[in-house]
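>
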Amino acid sequence: MIPLQVIVHMGGLLCSELLEERLMKLVANEEQLVRVCSVQHVYTLVTQPGGHEVPVGYVSPVIRDEVVQLLRDLTKKLDCYSETFARAVSILDVFLWTVKVRVKFLNCLAVTCFFIAAKLEEDIEHVPSLDRLVDESECGCSSVDIQRMELIVMQKLNFNLVRTAPLELLQI
Numbered sequence: 001m002i003p004l005q006v007i008v009h010m011g012g013l014l015c016s017e018l019l020e021e022r023l024m025k026l027v028a029n030e031e032q033l034v035r036v037c038s039v040q041h042v043y044t045l046v047t048q049p050g051g052h053e054v055p056v057g058y059v060s061p062v063i064r065d066e067v068v069q070l071l072r073d074l075t076k077k078l079d080c081y082s083e084t085f086a087r088a089v090s091i092l093d094v095f096l097w098t099v100k101v102r103v104k105f106l107n108c109l110a111v112t113c114f115f116i117a118a119k120l121e122e123d124i125e126h127v128p129s130l131d132r133l134v135d136e137s138e139c140g141c142s143s144v145d146i147q148r149m150e151l152i153v154m155q156k157l158n159f160n161l162v163r164t165a166p167l168e169l170l171q172i
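Under my numbering, the first residue of the sequence shown is numbered 1, with each subsequent residue one higher.
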């Protein structure tokens, strides 16, 4: 695999200087995130179907995929941009990478990530209210729970939500 820096510095054939600058900023941001999130967690592991080892009572890849489906359905119900969905999944994945989350909190976390993403991506008049979000998502948590979880997510991610969503890379 060719390192990104080699591809970018191959000259004007593959990308412009503006694209090079943007890609370098994205790579620097990702490298910083990797340094912040490289904390070791110690848990009792259980082997899931497919060979995945997951801490007991915590989110497995299969459960994560189910909650991403919930986010996709919520995006359709609320008629939000696909960028909102991509940003919500990105925030969720970074949080799950940073913090081991118990399954019982996952729906609230997913809806919270969607709410944060909607604030970042949607037009101000199109951001769903917390009450509407709770009703439409049927997540089993209250608007107060979402507000608390929002603060936790923001703190754990060091208020750094300027991550690159995969959809943004496709738009470059």
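Virtual Cβ for every residue (Gly too), placed ideally from N, Cα, C.
Specify, as a first and last residue, the run of the alpha helix (DSSP H) that ARG87 falls within.
It spans 82-98 - the alpha helix (DSSP H) in which ARG87 sits, taken as one unbroken run.
> Measuring CB atoms only, is the stretch 93-107 touching the stretch 57-76, in the sense that at least three cross pairs come out at less than 8 Å?
yes
> Kindly list the residues whose CB is nearer than 7 Å to the CB of PHE85, restricted to its own chain and excluding five residues on each side of it in sequence; keep chain order.
LEU71, ARG72 and THR75
> Whose CA, out of ILE116, ILE91, LYS119 and GLU122, lies closest to the CA of ARG173?
Outside the shown range of the chain (1 to 172) lies residue 173, about which nothing can therefore be said.
> Below 7 Å between beta carbons: does that hold for CYS108 and CYS141?
yes
> Go to LYS119, then tell me how far its alpha helix (DSSP H) extends in each direction, as first and last residue.
Per DSSP, LYS119 belongs to the alpha helix (DSSP H) from 106-121.
> By a C-beta neighbour count over all protein chains shown, 10 Å radius and 16 as the cutoff for buried, is VAL153 buried or exposed?
buried
> For SER137, is the classification buried or exposed, using 16 other Cβ atoms within 10 angstroms of its Cβ as the cut-off for buried?
buried
> How would you call ILE124, buried or exposed, if buried means at least 16 neighbouring beta carbons within 10 angstroms?
exposed
> Between ASP131 and ARG148, what straight-line distance do the alpha-carbon atoms span, to the nearest angstrom?
14 Å
> Would you call the CB atoms of VAL67 and ALA110 closer than 7 Å?
Contact flag set, yes.
> Is GLN40 helix, strand or coil by DSSP?
Note on GLN40: pLDDT 39, under 50, position unreliable in the model; the coordinate value appears next. GLN40 falls in the coil class under three-state DSSP.
> For GLU121, does the count of other Cβ atoms within 10 angstroms reach 16, so buried, or fall short, so exposed?
buried
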